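Peer 1: Chains as they are written, first to last, in full-length UniProt numbering: chain A, 1 to 220; chain B, 1 to 220. The following block contains the structure, expressed as structure tokens.
2 protein chains.
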Amino acid sequence: MRLLLIEDDIALGEGIHQALGREGYTVDWLQDGSSALHSLLSETFDLAVLDLGLPRMDGLEVLRRLRDSGSNLPVLILTARDATEDRIAGLDAGADDYLIKPFDLAELKARLRALLRRSAGRAHALIEHAGISLNPGTQQVSYQGEPVALTPKEYQLLHELLSPPGRVMTRDHLMQLLYGWNEEAESNTLEVHIHHLRKKFSSDLIRTVRGVGYLVEERR
Amino acid sequence: MRLLLIEDDIALGEGIHQALGREGYTVDWLQDGSSALHSLLSETFDLAVLDLGLPRMDGLEVLRRLRDSGSNLPVLILTARDATEDRIAGLDAGADDYLIKPFDLAELKARLRALLRRSAGRAHALIEHAGISLNPGTQQVSYQGEPVALTPKEYQLLHELLSPPGRVMTRDHLMQLLYGWNEEAESNTLEVHIHHLRKKFSSDLIRTVRGVGYLVEERR
DNA sequence: CGCCACCTTCAGACTTCGTTAAGAATTGCC
DNA sequence: GGCAATTCTTAACGAAGTCTGAAGGTGGCG
Numbered sequence: 001m002r003l004l005l006i007e008d009d010i011a012l013g014e015g016i017h018q019a020l021g022r023e024g025y026t027v028d029w030l031q032d033g034s035s036a037l038h039s040l041l042s043e044t045f046d047l048a049v050l051d052l053g054l055p056r057m058d059g060l061e062v063l064r065r066l067r068d069s070g071s072n073l074p075v076l077i078l079t080a081r082d083a084t085e086d087r088i089a090g091l092d093a094g095a096d097d098y099l100i101k102p103f104d105l106a107e108l109k110a111r112l113r114a115l116l117r118r119s120a121g122r123a124h125a126l127i128e129h130a131g132i133s134l135n136p137g138t139q140q141v142s143y144q145g146e147p148v149a150l151t152p153k154e155y156q157l158l159h160e161l162l163s164p165p166g167r168v169m170t171r172d173h174l175m176q177l178l179y180g181w182n183e184e185a186e187s188n189t190l191e192v193h194i195h196h197l198r199k200k201f202s203s204d205l206i207r208t209v210r211g212v213g214y215l216v217e218e219r220r
Numbered sequence: 001m002r003l004l005l006i007e008d009d010i011a012l013g014e015g016i017h018q019a020l021g022r023e024g025y026t027v028d029w030l031q032d033g034s035s036a037l038h039s040l041l042s043e044t045f046d047l048a049v050l051d052l053g054l055p056r057m058d059g060l061e062v063l064r065r066l067r068d069s070g071s072n073l074p075v076l077i078l079t080a081r082d083a084t085e086d087r088i089a090g091l092d093a094g095a096d097d098y099l100i101k102p103f104d105l106a107e108l109k110a111r112l113r114a115l116l117r118r119s120a121g122r123a124h125a126l127i128e129h130a131g132i133s134l135n136p137g138t139q140q141v142s143y144q145g146e147p148v149a150l151t152p153k154e155y156q157l158l159h160e161l162l163s164p165p166g167r168v169m170t171r172d173h174l175m176q177l178l179y180g181w182n183e184e185a186e187s188n189t190l191e192v193h194i195h196h197l198r199k200k201f202s203s204d205l206i207r208t209v210r211g212v213g214y215l216v217e218e219r220r
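Here it is as structure tokens:
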């Protein structure tokens, strides 16, 4: 799950960033509205957490433009306690949920989970492919009826490769999924994870497309 | 993918040049605005990375003249942290994205990818010709329904020859596509790659135009 | 008929990817 | 708050794939 956090308060941002990172999300953090909008329009995220009071471009403006561009990305907004109008305006502008500062990190996590569940609900259901069954709700995976234990990174990779299968996922795309732009690991971690997946399933499940990336064949 | 980097700071330029080279781009690097503009107008690139503070001709000026000439080449500009006006002026002058120094190389890579994706998006779609179907998104190619494995260079060549077919691509043009002007291969590599393509498809797919270059016939 | 451009082939250099294993980092548990 | 277990990263090396440069062959064109 890749998530964009837009928050200009350094202390708060740091806190959220860490907390969500520990939850297993890949979190990218920006501190102004204009670059946030840029990223939202050009990269792929699963969710955005958006503070409304931002320099350079107001959060509301970001949200409005995002929706104008046709995106239905789940967005949770953060507002100050007394800014009731902002909240309403936020929902009007297309936010999916809001939270009033100061808030409890646990509540933020809960709401994100709920949001993701809801948005996944649009296209939920088990993913079944090549003997693998993957349950996005519980993150449980089985192979030919037997449960398989996957680590978080393995799960993320497999999930990405299987939804939908048949498409080549570039190395870049996968690296970004796992690491955002924090620090791209300058080693071969991707290959190592792929290797582990192949070992846990079948060695020909994931095909290498040399110089490009990996794919799971559509029909097998 | 051929890319022009215009950056006068040697250390930074070196860093970017290497990093992008390692990403598989063909990178040409110039250090002043006037030669940059010249190259941009006379050669073909897929993208330009343009520092705004340059000797001999300001980056903004380069950008403006480039746009005046009718080019819609994707351009990413680099600006100093506090030069807000420059940034705005840059976007006004037709930049597609910007990055504030100092920046993270990973983020630069991500933004370039996004830009290229966006610009490719303008004319995406499968390319179908003479039984060949080529998917620019995934770099997958098939011939008469069967997938064909192409190496990166083969793919680049085929893609160039097919978009659109019917035009003679000069040897010079193709060589530049593959190698930029860094190190022109002093051998017959082009012929070798063409040979491989003919072997993987049909030997009369690519016609030789003696003394000029190669072409794929328009209708077959 | 001879020159020149291009074709074909191939071996060695070079890159990229797979595989391991060990140590670092993180997490969970008491 | 410290220990144990899991997970992730790094690095080294080997395997496989790709590119290059060179040599010799073929065919068009004057």
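We put the beta carbon where it would ideally sit given N, CA and C, even for glycine. Keep in mind that this is a model prediction, so the values were computed, not measured.
1) Run through DSSP, which three-state label would V216 of chain A get?
2) Taking DSSP's pairing of strands, which residues face E146 of chain B in a bridge?
3) Are the CB atoms of V212 of chain A and T170 of chain A nearer to each other than 8 Å?
4) I need the straight-line Cα distance from L215 of chain A to L162 of chain A, nearest angstrom please.
5) CA-CA distance, G21 of chain B and A89 of chain A?
6) Grab me the residues of L126 of chain A's own chain with a C-beta within less than 6 Å of its C-beta, minus the 5 sequence neighbours each way, in chain order.
7) Just checking: is the beta-carbon of R2 of chain B within a distance shorter than 8 Å of some beta-carbon in chain A?
8) In angstroms with no decimal places, state the Cα-to-Cα distance between L50 of chain A and A114 of chain B.
9) For I16 of chain A, does the count of other Cβ atoms within 10 angstroms reach 16, so buried, or fall short, so exposed?
10) For the beta strand (DSSP E) containing R2 of chain A, list its first residue and its last residue.
11) Using the beta-carbon of each residue, which ones in chain A are nearer than 7 Å to R113 of chain B?
12) Would you mind working out which of B:I206, B:E61, B:R111 sits nearest P74 of chain B, comparing C-alpha positions?
13) Please report whether the beta-carbon of D68 of chain B lies at a distance below 8 Å from any beta-carbon of chain A.
14) Based on Cα-Cα distance, which residue from A:W29, A:R67, A:E7, A:H196 lies nearest to L91 of chain A?
15) State buried or exposed for E191 of chain A, treating a residue as buried only when at least 16 other CB atoms are found within 10 Å of its CB.
16) At least one CB of chain B closer than 8 Å to the CB of V212 of chain A: is that the case?
17) Roughly how many angstroms lie between the CA atoms of L177 of chain A and T189 of chain A, to the nearest whole one?
18) Just curious, the beta strand (DSSP E) that A48 of chain A is in, first and last residue?
19) Based on the DSSP output, what are the partners of I127 of chain B in its beta bridges?
20) Going by C-alpha to C-alpha distance, which of A:E61, A:E146, A:R210, A:T79 sits closest to G201 of chain A?
21) When you compare each of B:V209, B:G33, B:Q144, B:G94 to V62 of chain B by their alpha carbons, which one comes out closest?
22) Could you give the distance in angstroms between the alpha-carbon of H196 of chain B and the alpha-carbon of G131 of chain A?
23) Report the rounded CA-to-CA distance for A123 of chain B versus H173 of chain B, giving the unit in angstroms.
24) Nearest CA to the CA of A25 of chain A: which residue from A:V209, A:S187, A:K199, A:Q156?
25) Quick one: does R167 of chain A have its CB under 8 Å from some CB of chain B?
26) Closer than 8 Å by beta-carbon distance: list the chain A residues that pair up with A19 of chain B, in chain order.
27) Is it buried or exposed, residue 221 of chain B, if we count other Cβ atoms within 10 angstroms and call 16 or more buried?
28) Between which two residues does the alpha helix (DSSP H) harbouring R171 of chain B extend?
29) Give the single residue among A:S39, A:E218, A:D97 whose Cα lies nearest to the Cα of P164 of chain A.
30) Taking Cβ-Cβ distances below 7 Å as the criterion, which residues of the UniProt domain "Response regulatory" (2-116) of chain A are in contact with chain B?
31) Please confirm if Q139 of chain B has its CB atom under 8 Å from at least one CB of chain A.
Peer 2: So, from the data block:
1) In the three-state reduction of the DSSP assignment, V216 of chain A falls in the strand class.
2) Looking at the DSSP assignment, E146 of chain B forms a beta bridge with B:Y143.
3) Result yes, Cβ atoms of V212 of chain A and T170 of chain A sit closer than 8 Å.
4) A straight line joining the alpha-carbon of L215 of chain A with that of L162 of chain A spans about 9 Å.
5) Going from the Cα of G21 of chain B to the Cα of A89 of chain A covers about 46 Å.
6) Closer than 6 Å at the Cβ level, and outside the excluded window around L126 of chain A, lie S133, N135.
7) So, not an interface residue.
8) Distance between L50 of chain A and A114 of chain B, taken at the CA atoms: about 21 Å.
9) Around the C-beta of I16 of chain A, 16 or more other C-beta atoms lie within 10 Å, and the residue is accordingly described as buried.
10) Where R2 of chain A is concerned, the enclosing beta strand (DSSP E) stretches over 2-6.
11) Neighbours of R113 of chain B in chain A, taken as residues at a C-beta separation under 7 Å, are given in chain order as D172.
12) P74 of chain B has its Cα closest to that of B:R111, out of B:I206, B:E61, B:R111.
13) Any Cβ of chain A closer than 8 Å to the Cβ of D68 of chain B would place that residue at the interface, and such an atom is absent.
14) Closest by alpha carbon: A:R67.
15) The residue is exposed, with fewer than 16 neighbouring Cβ atoms inside 10 Å.
16) Interface residue, yes.
17) Distance from the CA of L177 of chain A to the CA of T189 of chain A, rounded to the nearest whole angstrom, comes to 13 Å.
18) Run containing A48 of chain A: 47-51, per the beta strand (DSSP E) assignment.
19) For I127 of chain B, which the question treats as bridged, DSSP gives the partners B:L134.
20) Going by the sequence as given, residue 201 of chain A is Phe instead of Gly. Checked all of A:E61, A:E146, A:R210, A:T79; the closest Cα to F201 of chain A is A:E146.
21) Checking every option, the nearest Cα to that of V62 of chain B belongs to B:G33.
22) Whole-angstrom Cα-Cα distance: 37 Å.
23) Caution is warranted here: a pLDDT of 46 is assigned to A123 of chain B, below 50, making its placement in the model unreliable, and no coordinate value can be reported.
24) Note on identity: in this sequence residue 25 of chain A is Tyr, with Ala being the wrong assignment. Minimum Cα distance to Y25 of chain A is reached at A:Q156.
25) Closer than 8 Å: yes.
26) Contact annotation for A19 of chain B against chain A: no contact, minimum CB-CB distance about 10 Å [criterion: below 8 Å].
27) Since the first residue of chain B shown is 1 and the last is 220, residue 221 of chain B is not available in this structure.
28) Per DSSP, the continuous alpha helix (DSSP H) segment holding R171 of chain B begins and ends at 171-179.
29) Ranked by Cα distance from P164 of chain A, the options A:S39, A:E218, A:D97 are led by A:E218.
30) Result list: H38, S42, E43.
31) Yes, its Cβ sits closer than 8 Å to a Cβ of chain A.
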